[in-house]
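Notes follow once the structure below has been shown.
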Amino acid sequence: MTTDVRIAVALDTADERRLVELATALAGEADVLKVGLEALTALGPRAIDLAARSAPVFCDLKLHDIPNTVAAAAAAAAAHGARMVTVHASGGPAMMSAAARAAPAVDVLAVTVLTSLDDAMLAELGMGAAGTVVPQLARLAIEAGAAGIVCAGHEVARVRDVVGGAATVVVPGVRPEGAAMQDQARVVTPRAAVDAGADMLVVGRPVTRADDPVAALRTIRRQIVEARSTEEA
Numbered sequence: 172m173t174t175d176v177r178i179a180v181a182l183d184t185a186d187e188r189r190l191v192e193l194a195t196a197l198a199g200e201a202d203v204l205k206v207g208l209e210a211l212t213a214l215g216p217r218a219i220d221l222a223a224r225s226a227p228v229f230c231d232l233k234l235h236d237i238p239n240t241v242a243a244a245a246a247a248a249a250a251h252g253a254r255m256v257t258v259h260a261s262g263g264p265a266m267m268s269a270a271a272r273a274a275p276a277v278d279v280l281a282v283t284v285l286t287s288l289d290d291a292m293l294a295e296l297g298m299g300a301a302g303t304v305v306p307q308l309a310r311l312a313i314e315a316g317a318a319g320i321v322c323a324g325h326e327v328a329r330v331r332d333v334v335g336g337a338a339t340v341v342v343p344g345v346r347p348e349g350a351a352m353q354d355q356a357r358v359v360t361p362r363a364a365v366d367a368g369a370d371m372l373v374v375g376r377p378v379t380r381a382d383d384p385v386a387a388l389r390t391i392r393r394q395i396v397e398a399r400s401t402e403e404a
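Take the sequence shown: its letters are residues 172 to 404, numbered as in the working numbering.
So this is what it looks like as structure tokens:
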């Protein structure tokens with residue numbers, strides 16, 4: 172298990188005032204601020220600039236296109252100050268490699284299978300179970316030059332078996348104990364993600380829609396510390 176588990180808070184909003192409000196409140200609390208499609212579509216690259224005033228920015232574009240297009244988009248995100256950018260591993264090795272070469276200053280993270288999909292949904296798409304598909308995509312991503320993998324907490328151990336300890340493993344769909352799953356299908360608690368070996372947890376609505384986002388984030392941080400303490404005992 173890693174010694175430092177970071178938390179990325181997803182600023183999923185189209186409202187500039189709300190984005191700035193959350194980013195400012197979470198400065199010094201969140202390790203990373205994630206800016207995704209909702210904010211980027213509404214505000215453009217300015218969303219990266221605004222979030223970067225408070226913390227390093229994880230630009231969650233989930234790029235999936237021909238290699239040349241993805242390379243150009245990754246380079247553009249890096250030019251605007253993103254520290255991390257996501258691509259879909261299912262776009263293939265050439266696409267992932269192009270992104271990594273075009274944006275050497277950022278960590279290219281390969282999204283394996285969205286946490287909103289379960290095995291039944293994957294079967295409808297003509298794909299295998301997540302436990303099989305995710306490690307395969309993770310191996311291809313690291314071989315193609317990606318710095319890390321995005322996967323559900325349930326697959327972290329299998330991903331580690333494939334990519335080892337050097338790659339960054341990011342777990343989205345994290346929900347504190349007792350929280351609603353909302354539109355996610357494969358969720359884990361902070362403790363379970365840390366126990367599995369995650370390097371970074373992505374948390375959105377449980378923090379950003381809480382009455383007190385800072386208190387909600389601190390609760391998750393405390394659960395991480397407790398998980399690490401138990402592991403080290």
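For every residue, glycine included, the Cβ atom is placed at its ideal position computed from N, Cα and C. In this text the structure is predicted, and so the values were computed from the model without any measurement.
*So, helix, strand or coil for T257, using DSSP?*
Three-state result, T257: strand.
*Would you report the Cα separation of T184 and A223, rounded to the nearest angstrom?*
16 Å
*Which of the three DSSP states, helix, strand or coil, is assigned to I237?*
coil
*To the nearest whole angstrom, what separates the beta carbons of V365 and R329, a pair I think is in contact under 8 Å?*
Not a contact, Cβ separation roughly 17 Å.
*Proximity to G371 [Cα-Cα], best of E209, L280 and A300*: The amino acid occupying residue 371 in the given sequence is Met; Gly does not appear at that position. Answer by Cα proximity: L280.
_DSSP three-state label for L182, please._
In this structure, DSSP gives L182 a state outside helix and strand, which the three-state scheme calls coil.
*Using DSSP with H/G/I as helix, E/B as strand and the rest coil, what is T212?*
T212 falls in the helix class under three-state DSSP.
*Tell me which same chain residues have a C-beta within less than 6 Å of the C-beta of V176, skipping the five on either side of it?*
Excluding residues within five positions, the ones whose Cβ falls inside 6 Å are V365 and I395.
*asked:* Quick check: what's the CA-CA separation for D231 versus L214?
replied: 14 Å
*Could you spell out where the beta strand (DSSP E) holding T339 opens and where it closes?*
T339 to V342
_Classification of T240 by the beta-carbon crowding that lies within 10 angstroms, buried from 16 upward_ = Exposed, by the Cβ-count rule.
*Put G302 into one of helix, strand or coil per three-state DSSP.*
helix
*Over what stretch of residues does the beta strand (DSSP E) that includes V374 continue unbroken?*
From DSSP, the beta strand (DSSP E) with V374 extends over M371 to V374.
*asked:* Are the CB atoms of A270 and V282 within a distance shorter than 8 Å?
replied: no
*When DSSP builds the beta bridges, which residues end up paired with D231?*
G207
_Unbroken stretches of the alpha helix (DSSP H), 4 residues or longer, contained in the segment 264-336_ = 264-273, 290-295, 301-314 and 327-334
*Mind the definition here: the segment 376-394 touches the segment 184-199 only if three or more C-beta pairs lie below 8 Å; say whether that holds.*
Result yes; three or more Cβ-Cβ pairs closer than 8 Å.
*Answer with buried or exposed for A291, where buried requires no fewer than 16 other C-beta atoms within 10 angstroms of its C-beta.*
The residue is exposed, with fewer than 16 neighbouring Cβ atoms inside 10 Å.
*Taking all protein chains shown into account, decide if M352 is buried (16 or more other Cβ within 10 angstroms of its Cβ) or exposed.*
Interpretation of M352 is limited by its pLDDT of 46, a score under 50 that renders its predicted location unreliable; the figure taken from the coordinates is listed afterwards. M352 comes out exposed.
*Please classify L234: is it buried, with 16 or more other beta-carbons within 10 angstroms of its beta-carbon, or exposed?*
buried
*Do L211 and P384 have their CB atoms nearer than 8 Å?*
no
_Under DSSP, the alpha helix (DSSP H) around D366 begins and ends at which residues?_
P361 to A367
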